[in-house]
Each structure stands twice: as C-alpha cells, then as structure tokens.
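Chains as they are written, first to last, in the numbering used here: chain A, -6 to 149; chain B, 44 to 244. Notes follow the structure.
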Amino acid sequence: MAVMQKKGKKELPAISTSSLPDVIYMILFFFMVSTSMRDQELLVRYKLPEATEVQKLEKKSLVSYIHIGQPARSMQAKWGTAPRIQLNDSYKTTKDILDFVAAERDKLNESDRAAMTICLKADVATKMGTVTDVKQELRRANALKISYAASKSLGY
Amino acid sequence: MASNKRKVPEVNSSSQADIAFSLLIFFLVATTMNTDTGLARMLPPMPPENQAQEDVKVKERNLFLVLVSGGGSILAGTQNDQQPIDLRQLTDKAKEFILNPLDSEDLPEKQDKEIELPDGSKWVYPVSQGVISLQTTRDTGYQVYIQVQNELTRAFNEVRDEVALRKFGARFSELGEGERAAITDAVPLKISEAEPRQLKK
C-alpha cells in the first residue's frame, strides 16, 4: 500500500496527441466520401415544397438543374423580387432553355443522353404559369425526363 | 566518418494535425451533403408543329379529371361528375379509379395484358385503361400542385404495393428489378398533365 501511495504523488503524464491527425483524417475522409462538390452558386432563393412519395435522384452527372425563385437578397436591388429562372450561373428566360438543354446534352456521352434528367427546383410560391412555360420549353427541347424537386416530409 | 554514425532526426509531425484540420475545413466549406429528392415524371413529347393537333379520344369512363384552381381548391371526378374534394380524399378517389375493384360501369375498363415475368413465365393481368388528367390554371400555386402530384403518386404507389403483395408476396420497393418492371407494366403511372386551362370568361 505504501508503494502505491508514493506513486500517486507523481505528476500525471501529458496525454499523447500523436493520434490526433489520424482522427482528423478519418473525419476528413468521411466528408470527402459522403458529400459532393458545390457546383454552382445560387442566385435565387427557394423553399422546396414537401412531399412524401419522393424518390432519390440517381446518377448526379446526368442531372441538370433549373432553379426558379426570387432573386437572392444581394441581387434584389438590381433584379427586383419577381421570380426568375436560373440556368447555370445567370438569370435567363424561358427562351434560353432550348439552348441550355442542348448544351447540357452535348456534355454527356451519347449513350447517356436518353437518361438525362432535368431537376426543376422551384419555390413553393411560384405560380404554375411559370412552371408550365418551362415545361413546354422542355418538351420542345425534347428533355422529357424531369423531376420536381421536393423535400421528404412525413406526411400530414 | 563520424557524421555518418549520427542518427537522422525524426521529422516533426506535430503540425500534421493542423494540415488535416485545414483540409477538413476546406471540404466542409466546398461541398454539399444534401441528396436531391423529387417526384419523377415523364413529359409527353411535343407534337410536330405542322401537324394538326387532334384530340386523342379517350372514353369518358376512362378519364379522371383533377382540376386545381388558382385558390388551391381541387375539383375531381369523371368528366360530367366533378366535385370539390379535399386533398386527403384524393388518394382514395384516385385509387378507386385505378383499381375499379367492382368492375363498375362508370370506372375505367380493363384490358388483359400478357406481362413477361423475370423467370420467363407469362402473367395475364387486367391493366386499367384509365388516365388521370391533371389540369391547373396559370395562377395555381406550385405548393398545391406538388401536393396533388404527391397524392396521385401515393395512390399509384399504394396500388402497386397491393398488386406486388398479391403477386410476389412483397412490397413494390422490396422487389428485384425484373419484378418491378412487371408491376410497372401492370400498373402504369398514367398522369397526363395538360397545359393550363384558360379560365372561361
């Protein structure tokens, strides 16, 4: 017993931090695997509608996005608050959708072109008139596979 | 040579954590985590412009009209029998329309169709000829539209689940790819989205 007490009076050794980099690397790899690169800056604000029967969009490389919503806060001084359509990195009108779809289609492999999906990300407050105009343009551009973006909710 | 006997000093690795931290922070900032979810739809192809657009004749009993007005109220029913309906009733109404369980005269007819199963055998299923037509006005809100689309999708999914349970003894989502295709053939997702209706003056 006396020996034990003597040992207790000694100073505690410092906690080794040599495995800290390993821990951080583990977190890093987790984030590298589970996330995807932010590919475009959003110029519009939207709140997606909620739905229960949503499906996951598979193969992100085949998906092109059309954003519809109010211009972002910093852009409102110049562009107002009326809903706008964002294609790539700028505001566009429905007339540009034809070119946009053609450009997006050209980026894909020939074998993947039929599977190209357009993801419509529209704000809940958008009127169907705007959405229908976009849909008509998409039909004209022969981009028929679409997905109405919605976040998953648990129902009523 | 005395200098050769000297040990090479170890590389100081105390800053490795800092490097890892800065990499981690870069990835935290530059990436997004959310996976996109949504309601998948196929748009009908655009008819050729020089061709006179003829209305496809669909029998009255095979058509289920859903009209969403600007105010968000829903009218649903067959052509001559449209009633205002609550969003929550829509799923059951649509399901009844798709299934036509009692083979009623007012609900869509069915046509026997041979569907090939993944194991090579044939399966004859009476496929409903019904089409759900979803109409909106130009000032209908997107929120209501998605909710209605969601209810209709739910109706189709529930019917597919029922058929899959009866045929394969498992839910639609638990089936393999071949079985899933068979069920999709048996219960096709027939939602026609007409162009917005101009309000009659």
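Even glycine gets a Cβ: it sits at the ideal position worked out from N, Cα and C. What you are looking at is a predicted structure, and each value in this text was computed from that prediction instead of being measured.
| Asked | Found |
| --- | --- |
| Residues from the region 177 to 209 of chain B in contact with chain A, defined by Cβ distance under 8 Å | Thr179, Thr180, Arg181, Asp182, Thr183, Gly184, Tyr185, Gln186, Tyr188, Ile189, Gln190, Gln192, Asn193, Thr196, Arg197, Asn200 |
| CB contact check: serine 140 of chain A to chain B, cutoff 7 Å | yes |
| Proximity test, Cβ basis, 7 Å: leucine 13 of chain A and chain B | yes |
| Whole-angstrom C-beta distance between alanine 143 of chain A and glutamate 43 of chain A, which should lie under 8 Å | 6 Å |
| Same chain only: Cβ atoms within 7 Å of aspartate 124 of chain B, ignoring 5 sequence neighbours per side | none |
| Short-range partners of chain B found in the region 16 to 44 of chain A, where Cβ spacing is below 7 Å | Ile17, Tyr18, Ile20, Leu21, Phe24, Met25, Ser27, Thr28, Ser29, Met30, Arg31, Pro42, Ala44 |
| Sequence ranges, alpha helix (DSSP H) only - wholly within the region 50 to 120 of chain A, length at least 4 | 69 to 72, 90 to 100 |
| Span of the alpha helix (DSSP H), counted from its first residue to its last, around lysine 138 of chain A | Run containing lysine 138 of chain A: none in the alpha helix (DSSP H); it sits in the beta strand (DSSP E), 138 to 142. |
| Selected residue, minimal CA-CA separation from tyrosine 185 of chain B, among A:Pro76, A:Lys3, A:Ala65, A:Thr110 | A:Pro76 |
| Selection of the region 70 to 92 of chain B by Cβ proximity to chain A, strictly under 8 Å | Phe70, Leu71, Ala73, Thr74, Thr75, Met76, Thr78, Asp79, Thr80, Gly81, Leu82, Ala83, Arg84, Met85, Leu86, Pro87, Pro88, Met89 |
| Inter-stretch contact (C-beta, 8 Å, three-pair minimum) for the region 152 to 160 of chain B and the region 207 to 226 of chain B | yes |
| Near-chain B residues of the region 99 to 115 of chain A - C-beta to any C-beta below 7 Å | Cys112, Ala115 |
| Beta-carbon contacts of serine 57 of chain A that lie in its chain and below 6 Å, excluding the five residues immediately before and after | Glu97, Ile111 |
| Other residues of its chain near valine 127 of chain A: CB distance less than 8 Å, five sequence neighbours each side excluded | Ile59, Ile61, Ile78, Thr87, Ile90, Leu113 |
| Chain B contact for threonine 119 of chain A (CB, 7 Å cutoff) | yes |
| CB contact check: lysine 85 of chain A to chain B, cutoff 7 Å | no |
| Beta-carbon gap between isoleucine 175 of chain B and phenylalanine 70 of chain B smaller than 7 Å | no |
| Cβ contact (3+ pairs, closer than 8 Å) linking the region 117 to 133 of chain A and the region 55 to 73 of chain B | no |
| Same chain only: Cβ atoms within 6 Å of lysine 233 of chain B, ignoring 5 sequence neighbours per side | Val174 |
| Alpha-carbon spacing of alanine 65 of chain A relative to leucine 35 of chain A, whole angstroms | 8 Å |
| Nearest-angstrom beta carbon gap, threonine 180 of chain B and serine 235 of chain B [assumed within contact, 8 Å] | Their Cβ separation, rounded to whole angstroms, is 17 Å, which puts serine 235 of chain B and threonine 180 of chain B out of contact at 8 Å. |
| Burial state of lysine 243 of chain B, where buried means 16 or more other Cβ atoms lie within 10 Å | Bear in mind that the predicted position of lysine 243 of chain B carries a pLDDT of just 41, short of 50, making it unreliable; the figure below should be weighed with that in mind. With fewer than 16 other Cβ atoms within 10 Å, it is exposed. |
| Cβ-Cβ distance between lysine 138 of chain B and alanine 73 of chain B below 7 Å | no |
| Contact set for tryptophan 150 of chain A: own chain, Cβ-Cβ below 8 Å, skip 5 residues either direction | There is simply no residue 150 of chain A to check, as chain A begins at -6 and stops at 149 in what is shown. |
| Cutoff 7 Å: phenylalanine 211 of chain B Cβ touching any chain A Cβ | no |
| Given 8 Å, three or more beta-carbon pairs between the region 74 to 94 of chain B and the region 24 to 40 of chain A | yes |
| Contacts that arginine 77 of chain A makes with chain B (C-beta to C-beta distance below 7 Å) | Going along chain B, no residue has its Cβ under 7 Å from arginine 77 of chain A, so there is no contact; the nearest lies around 15 Å. |
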